[in-house]
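Working notes, beginning with the structure itself.
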Amino acid sequence: MQTIDKFNFAGKKAFVRVDFNVPLNENFNITDD
Numbered sequence: 904m905q906t907i908d909k910f911n912f913a914g915k916k917a918f919v920r921v922d923f924n925v926p927l928n929e930n931f932n933i934t935d936d
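Going by our numbering, the first residue of the sequence shown is number 904, and it counts up by one from there.
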């Protein structure tokens, strides 16, 4: 299986799902690793 950094996306579309559900403080800094 190819990794994303070696895959050729030329002429293709990609759907990437990212989960940004992390605890933030009032300054939008991550409060928990």
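Note that the Cβ used here is the ideal one computed from N, Cα and C, for glycine as well.
Exercise. Going by beta carbon distance, what residues of the same chain come within less than 6 Å of residue 926, once the five residues before and after it are set aside?
Worked result: Numbered from its first residue, the sequence shown carries residue 926 at position 23. Closer than 6 Å at Cβ, skipping near neighbours: 934 and 935.
For this session: Whole angstroms is fine: what's the gap from residue 910's alpha carbon to residue 921's?
Result: Taking the sequence shown and counting its residues from 1, the one referred to as residue 910 is at position 7. Taking the sequence shown and counting its residues from 1, the one referred to as residue 921 is at position 18. For residue 910 and residue 921, the distance between alpha carbons rounds to 18 Å.
Problem set entry | Among 924, 923 and 907, nearest to residue 916 - alpha-carbon criterion | The residue labelled residue 916 in the question sits at position 13 within the sequence shown. The residue with the shortest Cα to Cα distance from residue 916 is 907.
Exercise. In three-state DSSP terms, what is residue 933?
Worked result: Walking along the sequence shown from the start, residue 933 turns up at place 30. Residue state, collapsed to three classes: strand.
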